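First the structure, in the form of structure tokens, and then the observations on it.
Number of protein chains: 2
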Amino acid sequence: MPTIKFYLREGLLPAGELTSPNQAHYGDEHVRRLHLIRALTDVGGLPLASVGKVVEAVEDRGRPVHDLLGAAASTVDPDVAPDTDPVNGERARALVEELIARRGWQVPASHPAARALAATAASLLAVGHGDYLDDLDEFAAAAERIAGADLSFVARGRSTEDMVERVVVGTVLGDAMLAALRRLAQSDSSARRYPLPSAPDREAAETSSDKNS
Amino acid sequence: MPTIKFYLREGLLPAGELTSPNQAHYGDEHVRRLHLIRALTDVGGLPLASVGKVVEAVEDRGRPVHDLLGAAASTVDPDVAPDTDPVNGERARALVEELIARRGWQVPASHPAARALAATAASLLAVGHGDYLDDLDEFAAAAERIAGADLSFVARGRSTEDMVERVVVGTVLGDAMLAALRRLAQSDSSARRYPLPSAPDREAAETSSDKNS
Numbered sequence: 001m002p003t004i005k006f007y008l009r010e011g012l013l014p015a016g017e018l019t020s021p022n023q024a025h026y027g028d029e030h031v032r033r034l035h036l037i038r039a040l041t042d043v044g045g046l047p048l049a050s051v052g053k054v055v056e057a058v059e060d061r062g063r064p065v066h067d068l069l070g071a072a073a074s075t076v077d078p079d080v081a082p083d084t085d086p087v088n089g090e091r092a093r094a095l096v097e098e099l100i101a102r103r104g105w106q107v108p109a110s111h112p113a114a115r116a117l118a119a120t121a122a123s124l125l126a127v128g129h130g131d132y133l134d135d136l137d138e139f140a141a142a143a144e145r146i147a148g149a150d151l152s153f154v155a156r157g158r159s160t161e162d163m164v165e166r167v168v169v170g171t172v173l174g175d176a177m178l179a180a181l182r183r184l185a186q187s188d189s190s191a192r193r194y195p196l197p198s199a200p201d202r203e204a205a206e207t208s209s210d211k212n213s
Numbered sequence: 214m215p216t217i218k219f220y221l222r223e224g225l226l227p228a229g230e231l232t233s234p235n236q237a238h239y240g241d242e243h244v245r246r247l248h249l250i251r252a253l254t255d256v257g258g259l260p261l262a263s264v265g266k267v268v269e270a271v272e273d274r275g276r277p278v279h280d281l282l283g284a285a286a287s288t289v290d291p292d293v294a295p296d297t298d299p300v301n302g303e304r305a306r307a308l309v310e311e312l313i314a315r316r317g318w319q320v321p322a323s324h325p326a327a328r329a330l331a332a333t334a335a336s337l338l339a340v341g342h343g344d345y346l347d348d349l350d351e352f353a354a355a356a357e358r359i360a361g362a363d364l365s366f367v368a369r370g371r372s373t374e375d376m377v378e379r380v381v382v383g384t385v386l387g388d389a390m391l392a393a394l395r396r397l398a399q400s401d402s403s404a405r406r407y408p409l410p411s412a413p414d415r416e417a418a419e420t421s422s423d424k425n426s
């Protein structure tokens, strides 16, 4: 684990207040910043160069909050792979634009996540499973519910650093948490739809076939 | 892209019906199987050995549907990283068990996704952001909504192969789709909570306040 000295040298932590020629005092601000750096590297898996950009954004006090949160979120998202088939790509982009308009989402059509969504939709069309997109509004409604809780979590941050940290932690660990919750809910849904022929069920089936014979 | 001959040699595709010494006829079943193999390798990114296991599961006609879908889903999920801190791990496992009981989910506590969820919860506790878990039921409710649409998509499959293919496609591309939808909904939620002080926005705000006056 890199030391505080290393972060100081890289310009990620502000210098402490010198209390003697070779002693410095580090206050609450340093603790908050250290938390942020650790979250970005350990949870977000960000390289130090990206951590530097986030720290810079945090230090720009004139930056609007929405803009800062967007910058923090974008550091942990990979670039979108380009779509291969222009026909599917065009159809997918139209689907996403229509969805954004229908939901009344205040996001530009050029938002990286809009492009990521279009790329995924194009893949679904390409593999012949475009009907997964029939339920796009159902998925979008669920996403709105999740985003509402996400934003409340961010808003509970006690400082700009803490809010940015919450964006990164929520984005990275949130994806993993939601993937796990989705699988549990799917397994429950599948168990109800396709009950396993358990021992009592099998006995019941045998009894009923006895009756029919 | 591997050829049909290659899949035949690997035992992933059943042999065609010989119509002459060096010609074979391939029917609908072959087309379905080929679709499945392509989905598993191209979308799921599965190695051929795993594809072989899925094909084997599909061919086991006596296998219950719920069990088959579970097997298909598990092939595309990575193994869970072990938790580091036993105290957080214990607390996280308890949180997950309580959640499963509260939602009435018919899933074993040993379900891989339950372990994945506990590992993520332990990470959130470890980085000091356990309050993200305060909204666990809100996230779980959203996951149930998503899982309902997922299962309907799987149920629309026209054959066992098609259903398994839908599980894999839905699991892999669904995660990417939901991550993108979540980010768009977050961006919308953030724009509403923290409006940007831009010129057009101010004009729009003035216009709407004119309307209201």
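Just so you know, the sequences run in chain order A and B. Following the working numbering, the numbering of the first sequence begins with 1 at its first residue and continues without gaps. Following the working numbering, the numbering of the second sequence begins with 214 at its first residue and continues without gaps. Every residue gets a Cβ at the ideal spot worked out from N, C-alpha and C, and that includes glycine. Owing to the predicted nature of the structure, the values given are computational and were not obtained by experimental measurement.
Helix, strand or coil at residue i [DSSP, three-state]
i	result
residue 18(A)	strand
residue 24(A)	strand
residue 10(A)	coil
residue 63(A)	coil
residue 51(A)	helix
residue 111(A)	coil
residue 282(B)	helix
residue 254(B)	helix
residue 195(A)	coil
residue 317(B)	coil
residue 401(B)	helix
residue 289(B)	coil
residue 216(B)	coil
residue 36(A)	helix
residue 312(B)	helix
residue 330(B)	helix
residue 394(B)	helix
CB contact below 7 angstroms: residue i versus chain B
i	result
residue 163(A)	no
residue 184(A)	yes
residue 30(A)	no
residue 193(A)	yes
residue 211(A)	Note that residue 211(A) has pLDDT 45, beneath the 50 cutoff, so the model's placement of it is unreliable and the number below is only indicative. By this cut-off, residue 211(A) is not an interface position.
residue 93(A)	no
residue 137(A)	no
residue 214(A)	Residue 214(A) lies beyond the range of chain A shown here (1 to 213); nothing can be said about it.
residue 176(A)	yes
residue 12(A)	no
residue 15(A)	no
Interface flag, residue i vs chain A, CB-CB below 7 angstroms
i	result
residue 220(B)	no
residue 402(B)	yes
residue 279(B)	yes
residue 236(B)	no
residue 187(B)	Coverage of chain B is limited to positions 214 through 426, which leaves residue 187(B) absent and any answer about it impossible.
residue 298(B)	no
residue 256(B)	yes
residue 333(B)	yes
residue 337(B)	yes
residue 330(B)	yes
residue 392(B)	yes
residue 362(B)	yes
residue 385(B)	no
residue 382(B)	yes
residue 345(B)	yes
Exposure label - residue i; buried when at least 16 CB within 10 Å
i	result
residue 27(A)	exposed
residue 15(A)	exposed
residue 363(B)	buried
residue 242(B)	exposed
residue 233(B)	exposed
residue 139(A)	buried
residue 189(A)	buried
residue 283(B)	buried
residue 22(A)	exposed
residue 400(B)	buried
Beta-carbon contacts of residue i that lie in its chain and below 7 angstroms, excluding the five residues immediately before and after
i	result
residue 32(A)	159, 161, 162
residue 191(A)	none
residue 133(A)	95, 121, 124
residue 18(A)	24
residue 12(A)	37, 51, 52, 55
Cβ-based neighbour list, residue i, same chain, cut-off 8 angstroms, excluding 5 preceding and 5 following
i	result
residue 326(B)	290, 320
residue 75(A)	40, 44, 46, 50, 53, 54, 168
residue 385(B)	256, 257, 258, 289
Spatial neighbours of residue i in its chain, beta-carbon cut-off 6 angstroms, leaving aside the 5 residues before and after
i	result
residue 377(B)	271, 285
residue 383(B)	363, 366
residue 281(B)	270
residue 178(A)	none
Neighbour flag for residue i against chain E, beta carbons, 7 angstroms
i	result
residue 61(A)	Within the model displayed, chain E is absent; protein chains A and B are what it includes.
Run through the segment 332-391 of chain B for me and flag every whole alpha helix (DSSP H) of 4 or more residues, listed as ranges in chain order.
-> At a cut-off of 4 residues, the continuous stretches assigned as alpha helix (DSSP H) that sit fully inside the segment 332-391 of chain B are 349-368.
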